[in-house]
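**Q**
There are 2 protein chains.
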Amino acid sequence: MSPPTPDRSPVRALVFDVFGTVVDWRGSIIREGEALTAEKGWRVDWAALADAWRAGYQPAMQRVMQAKASGEAAWVKLDELHRGILHTLLPRFRLDDLSPAEREHLNLVWHRLDPWPDSVAGLTRLKARYPIATLSNGNVSLLVDMARHGGLPWDCVLSAELFRAYKPSPAVYRGAADLLGVAPNELLMVAAHPSDLAAAQRAGLKTAYVERPLERGPGGAPENSAGQRFDWVASDFIDLAAKLGA
Amino acid sequence: MSPPTPDRSPVRALVFDVFGTVVDWRGSIIREGEALTAEKGWRVDWAALADAWRAGYQPAMQRVMQAKASGEAAWVKLDELHRGILHTLLPRFRLDDLSPAEREHLNLVWHRLDPWPDSVAGLTRLKARYPIATLSNGNVSLLVDMARHGGLPWDCVLSAELFRAYKPSPAVYRGAADLLGVAPNELLMVAAHPSDLAAAQRAGLKTAYVERPLERGPGGAPENSAGQRFDWVASDFIDLAAKLGA
Chain A
21 MSPPTPDRSP
31 VRALVFDVFG
41 TVVDWRGSII
51 REGEALTAEK
61 GWRVDWAALA
71 DAWRAGYQPA
81 MQRVMQAKAS
91 GEAAWVKLDE
101 LHRGILHTLL
111 PRFRLDDLSP
121 AEREHLNLVW
131 HRLDPWPDSV
141 AGLTRLKARY
151 PIATLSNGNV
161 SLLVDMARHG
171 GLPWDCVLSA
181 ELFRAYKPSP
191 AVYRGAADLL
201 GVAPNELLMV
211 AAHPSDLAAA
221 QRAGLKTAYV
231 ERPLERGPGG
241 APENSAGQRF
251 DWVASDFIDL
261 AAKLGA
Chain B
21 MSPPTPDRSP
31 VRALVFDVFG
41 TVVDWRGSII
51 REGEALTAEK
61 GWRVDWAALA
71 DAWRAGYQPA
81 MQRVMQAKAS
91 GEAAWVKLDE
101 LHRGILHTLL
111 PRFRLDDLSP
121 AEREHLNLVW
131 HRLDPWPDSV
141 AGLTRLKARY
151 PIATLSNGNV
161 SLLVDMARHG
171 GLPWDCVLSA
181 ELFRAYKPSP
191 AVYRGAADLL
201 GVAPNELLMV
211 AAHPSDLAAA
221 QRAGLKTAYV
231 ERPLERGPGG
241 APENSAGQRF
251 DWVASDFIDL
261 AAKLGA
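So the protein sequences, as listed, match chains A and B.
Going by my numbering, the first sequence opens with residue 21, and the numbers climb by one from there.
Going by my numbering, the second sequence opens with residue 21, and the numbers climb by one from there.
1. Give me, in chain order, the residues of the same chain whose beta-carbon lies closer than 7 Å to that of valine 253/A; leave out the 5 immediate sequence neighbours on both sides.
2. Mind pulling the alpha helix (DSSP H) runs of 4 or more residues that sit fully within the stretch 33-71 of chain A?
3. Just the chain B side, please: which residues come within less than 9 Å of arginine 168/A by C-beta, in chain order?
4. With distances taken between CB atoms, is the gap from alanine 167/B to aspartate 175/A smaller than 9 Å?
5. Under 8 Å between beta-carbons, which chain A residues line up against glutamate 181/B? List them in chain order, please.
6. Do three or more CB pairs link the stretch 48-67 of chain B to the stretch 146-156 of chain B at distances below 8 Å?
7. According to the neighbour-count rule (16 or more other Cβ atoms, all chains shown, within 10 Å of its Cβ), is alanine 262/A buried or exposed?
8. Going along chain B, which residues have a C-beta under 8 Å from valine 160/A?
9. Rounded to a whole number of angstroms, what is the C-alpha to C-alpha distance between glutamate 235/A and arginine 74/B?
10. Using only the alpha-carbon positions, how far apart do methionine 21/B and valine 35/B sit?
11. Going by DSSP in three states, leucine 234/B sits in which element: helix, strand or coil?
12. What do you get for histidine 107/A, buried or exposed, if any count of 16 or more other CB atoms within 10 angstroms of its CB means buried?
13. Which full runs of the alpha helix (DSSP H) of 4+ residues lie inside the stretch 189-256 of chain B, going along the chain?
14. Please state whether the Cβ-Cβ distance between leucine 207/B and alanine 191/B is less than 9 Å.
15. Within 10 Å of its beta-carbon, does arginine 232/A have 16 or more other beta-carbons around it, so buried, or fewer, so exposed?
16. Within 9 Å (strictly less), CB to CB, does aspartate 259/B reach chain A?
17. What are the residues that DSSP puts in a beta bridge with proline 135/A?
18. Strictly below 8 Å CB to CB, what residues from chain A border valine 253/B?
19. Assuming the contact rule is C-beta atoms closer than 8 Å, valine 43/A and aspartate 134/A should be a hit. Round their C-beta distance to whole Å, please.
20. So what does DSSP say about alanine 153/A, is it helix, strand or coil?
21. Taking the continuous beta strand (DSSP E) assigned at valine 177/A, which residues delimit it?
22. For the alpha helix (DSSP H) containing glycine 104/B, name the first residue and the last one.
23. Using a threshold of 9 Å, state whether the C-beta atoms of threonine 227/A and phenylalanine 250/A are closer than that.
24. CB-CB under 6 Å to phenylalanine 113/A, same chain, minus the five flanking residues each way: which ones, in chain order?
25. Under three-state DSSP, which class holds leucine 118/B?
26. Nearest CA to the CA of arginine 32/A: which residue from Arg145/A, Leu126/A, Gly201/A and Asp117/A?
27. On a CA-only basis, which of Leu146/B, Gly170/B and Gly142/B is nearest valine 129/B? Give me that one, please.
28. Lysine 60/A: buried (16+ other C-beta within 10 angstroms of its C-beta) or exposed?
29. Taking 9 Å as the threshold (beta carbon to beta carbon), is valine 354/A in contact with chain B?
30. Quick check: is the beta carbon of aspartate 134/B nearer than 9 Å to any beta carbon in chain A?
31. From which residue to which residue does the alpha helix (DSSP H) around serine 29/A run?
32. Which of helix, strand or coil does DSSP assign to isoleucine 258/B?
33. Compare the C-beta of aspartate 99/A against all C-beta atoms of chain B and say whether one is closer than 9 Å.
34. Less than 8 Å between the CB atoms is what I'm expecting for leucine 162/A and aspartate 99/A, so what's the real figure, rounded?
What follows is the structure, encoded as structure tokens:
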């Protein structure tokens, strides 16, 4: 067997995972949550709430995809999945006394997540050379609000919602290439999660792994990437820009 | 009969027609075309070519929608429709000697259209208060390239391509509201074309008519808007921003 031929096709556009890769979901939820309950004089473990909220995300998406495959249900936006998970968590975290308006505002904290310190500068540099787009399971309005909140300079907001399929479905990665008018192997997927990049690879995309060691907090372990190969590995978006010559 | 109750719901997002409303398609094609053929020493009536190219656009889209309704054909991107129309025009304008690469480059002139002089400043001002998105029959990659070319500061690129239906299909207007997370009557459609705005109105959107008297050239007549009522009428995007308090 000969070694695999390196793929010399150029990168013509970049798509980015968002939660954890571009924005600090955990830190943002803790900051906003603590401000909310400090005002009320309540004590809530927001780090544990953020982790539990995020932990409900994969199973909720899987239920949507299974229901869709069996023809049972229409598409469900991530906002609605987040709302359902939050609803189950409120009693456990003694947040039952939040008003309906406060609950709804809290659910939309995902629209107000803060970027990592290097995100805006790195994206701005990458954008000068390549079209840059989101490729997130977050719904379009969530991603638009987040970009306006954090000043993220996307050329285009692409979401699982446009394909009515959640990552890691190949329809999402291939659909993004089609909309951006490039071949799958001309599209570079940037993510902090090896599983997202593995699915992008299977769909024919190039991959860049960006380390986000603080995504799960100071003591949290990143997803295991052992044995996986990426086209680029970068410590942050500034480093990625340098490695891509942007 | 009592007079209709004014709709007091707030505007929560703006969507824009693009060809003619945001960018000067005719002037841009003439400028780029003249540069191309001057270099070759050819004489071509680029104004007539631009008008003929644009005139082929409505019938081509209608054929796609009819084929789709009868289950005959899949979706066709506007780039491909433009390519087909251009192909039929080349002999008439004695452009047969263009190479395949030159023809393809020329077809993508729609990705490089220049904004009207007020577009970037007006959009920037509107964006400070409202989310702003395209809502165009142009495909996503066309709109992304155009935004990068002209510095158009969209929060989000929405296209007929996402709904696999061309305007004036109501699916496009309602689909945009759904993706932006607003009710149809919270979404303001901005266009220089009364027919586009009439369709937006039928889908429940608010409307702003922006005059673009030069869209069809110094002697060209704008589309007739007699008898039609809009929620706002503005002379350009700066005037629209002022009228919307942005």
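Just so you know, even glycine gets a beta-carbon here, dropped at the ideal spot from N, CA and C.
From a predicted model like this one, the values you see are computed outputs, not experimental measurements.
**A** This is what the structure gives:
1. Tyr229
2. 45-60
3. Lys147, Pro151 and Asp175
4. yes
5. Leu199
6. no
7. exposed
8. Cys176, Leu199, Leu200 and Gly201
9. 50 Å
10. Low per-residue confidence applies at methionine 21/B: pLDDT is 47, beneath 50, and the placement is therefore not dependable, though the value from the model is reported in the following sentence. Their backbone Cα atoms lie some 33 Å apart in a straight line.
11. coil
12. exposed
13. 190-200 and 214-222
14. no
15. buried
16. no
17. Val43/A
18. Within chain A, no residue comes near valine 253/B; the closest Cβ sits about 27 Å away, beyond 8 Å.
19. 6 Å
20. strand
21. 176-179
22. 98-109
23. yes
24. Val64 and Leu69
25. coil
26. Gly201/A
27. Gly170/B
28. exposed
29. Residue 354/A falls outside the range modelled here, since chain A spans only 21 to 266, and no answer is possible.
30. no
31. Per DSSP, serine 29/A belongs to no alpha helix (DSSP H) and is neither H nor E.
32. helix
33. yes
34. 6 Å
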